[in-house]
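In my numbering, the protein residues as written are 48 to 181. First the structure, in the form of structure tokens, and then the observations on it.
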């Protein structure tokens, strides 16, 4: 059963009203559903998040604004999504509060890179390699 339609626009607050999860930030993990909602675009780039498509992979920057990113919270949820049978749903900000559903994704791995945090200090950044599920 599909819960979202690709290319449709949704109000982010409506997603959280129905499924729960954190209402702010790029990674939302509803407690009562095996879902992970990830959000790209919007103000993320000013905080050092650089999400992009590279061929058929979507490179998604992990969460954490200061210091080295670590594999806990939403980052761990993405990494362990296959093991925990959780679905990852990718949304892209269209305008304030409105997101477009881009599709269901699968985490096939991650890597770390050197980047900058919100205070412009060098740090380790987690980049997830996500593949769209057809």
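Backbone N, C-alpha and C define an ideal beta-carbon position, used for all residues, glycine too. Quantities reported herein were computed from a predicted structural model and do not represent experimental measurements.
Taking the C-alpha atoms as reference points, what is the distance between residue 148 and residue 120? 23 Å
Nearest to residue 159 by CA position, among 150, 169, 151, 152, is which residue? 169
Could you check the C-alpha separation between residue 113 and residue 164 for me, to the nearest Å? 5 Å
For residue 65, which option in 162, 109, 84, 154 has the closest C-alpha, if you only look at C-alpha atoms? 84
With DSSP run on the structure shown, which of helix, strand or coil describes residue 66? helix
With DSSP collapsed to three states, give me the class of residue 60. helix
May I have the straight-line CA-CA distance separating residue 141 from residue 71, to the nearest angstrom? 16 Å
Using only the alpha-carbon positions, how far apart do residue 194 and residue 97 sit? A query on residue 194 cannot be resolved here, the shown segment of the chain reaching from 48 to 181 and no further.
Give me, in chain order, the residues of the same chain whose beta-carbon lies closer than 7 Å to that of residue 77; leave out the 5 immediate sequence neighbours on both sides. 66, 67, 68
Can you tell me where the alpha helix (DSSP H) holding residue 126 begins and where it ends? 121 to 126
Determine, using beta carbons only, whether residue 110 and residue 73 come nearer to each other than 8 Å. yes
Separation of residue 151 from residue 204, as counted between CA atoms: As shown, the chain starts at 48 and ends at 181. That puts residue 204 outside it, with no answer to give.
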